[in-house]
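Each residue of the sequence shown is one higher than the last, beginning at 12 in the numbering used here. Note that CB positions come from ideal geometry on N, CA and C, so glycine has one too. So the structure is just underneath, and the comments pick up after that.
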Amino acid sequence: MAKITVPLQSELAKLKNPIQIMSRYELSDDVVEGIVKCNSYAGQILYSTSVSTLSRSREIEPYADKPELRLKSIKKLRDNGVSTNVMVKPFLSGITDLEINSFIKVFNKFGVEHCVVGDLFVDEIIKAQLFKLPDASLEIEISGDKQVLDCTSGESYEINISRKMLEFSSLLEKSGIKAFKKSSCVNSYILNIPNPADYINEDPHGYCIKCGVCEKK
């Protein structure tokens, strides 16, 4: 079960700021209830989980709960008025894209309306581990550019380039699932307010999908 500190979350929610919670585990009913109680207005809390593969999750995310269990929690929260988001992140070219039909099917089953499809960031250690996967059809093509991850202390990683990621996002969109590149954009889209990150005007990494929210005055 996810280790989410509901009392701390409750205190933060009182400030009325938007909150994002992320977990790779199934949530207990008590945790779901606690999150629902903290959600004081529509869109205040955005709960996210991440899934890179449905069929090979034991190999790639061995310390996380099965994707179906994580998505079950997504549905419980969504059914109780909490905004939700699934991060297809990192996108593994040659693995994730081969499961597009399964992703659409399971997203529809659990009521997933928004997702973030994110790049694979690698260094030599990550690449070595990924290429150890048995029967891997994984494709890694490095652009030469480096980017700092939001969640790291300044360390930069190489970016895997994949046109398949754009095709994957396009197919999700055609099935009625809104695909973004940043979770903050999902927040802004749900709240119908411009993203403070201002990607529409300054977007060196190509995060903006022109969803229209930031164009509103």
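Put simply, of 92, 195, 55 the residue whose alpha carbon is nearest the alpha carbon of residue 26 is 55. In this structure, residue 144 keeps its C-beta atom at 8 Å or more from the C-beta atom of residue 114. The beta carbon of residue 96 sits closer than 7 Å to the beta carbons of 57, 59, 125, 126, 127, 194, 197 from its chain, once the five residues preceding and following it are set aside; these are given in chain order.
Counting only runs that start and end inside the stretch 51-76, the alpha helix (DSSP H) elements of at least 4 residues fall at 68-71. According to DSSP, residue 191 shares a beta bridge with 127.
Taking the Cα of residue 75 as reference, the smallest distance to any Cα among 134, 129, 209, 38 is reached at 38. Taking C-beta atoms as the reference points, residue 129 and residue 86 fail to come closer than 8 Å.
Residue 203 is classed as exposed because its beta carbon has fewer than 16 other beta carbons within 10 Å across all chains shown. Partner residues in the beta bridge of residue 132, as assigned by DSSP, are 170. Between residue 63 and residue 107, the beta carbon gap of about 6 Å places them in contact (Cβ cut-off 8 Å). By the neighbour-count criterion, in which a residue is buried when 16 or more other Cβ atoms sit within 10 angstroms of its Cβ, residue 159 is exposed. Using a Cβ distance threshold of 8 Å, residue 103 and residue 82 do not count as a contacting pair. According to DSSP, residue 98 shares a beta bridge with 61, 127. For residue 115, the enclosing alpha helix (DSSP H) covers residues 111-120. Ranked by Cα distance from residue 47, the options 188, 200, 91, 150 are led by 91.
The beta carbon of residue 186 is closer than 6 Å to those of 115 in its chain, skipping five residues each way along the sequence. Secondary structure at residue 214: coil, using DSSP grouped into helix, strand and coil. If you ignore the 5 residues before and after residue 216, its C-beta comes within less than 7 Å of the C-beta of 158, all in its own chain and listed in chain order. Bounds of the beta strand (DSSP E) holding residue 32 are 30-33. Residue nearest to residue 199 within the set 219, 188, 183, 213 is 219 (criterion: CA-CA distance). In the structure shown, the three-state DSSP call for residue 157 is strand.
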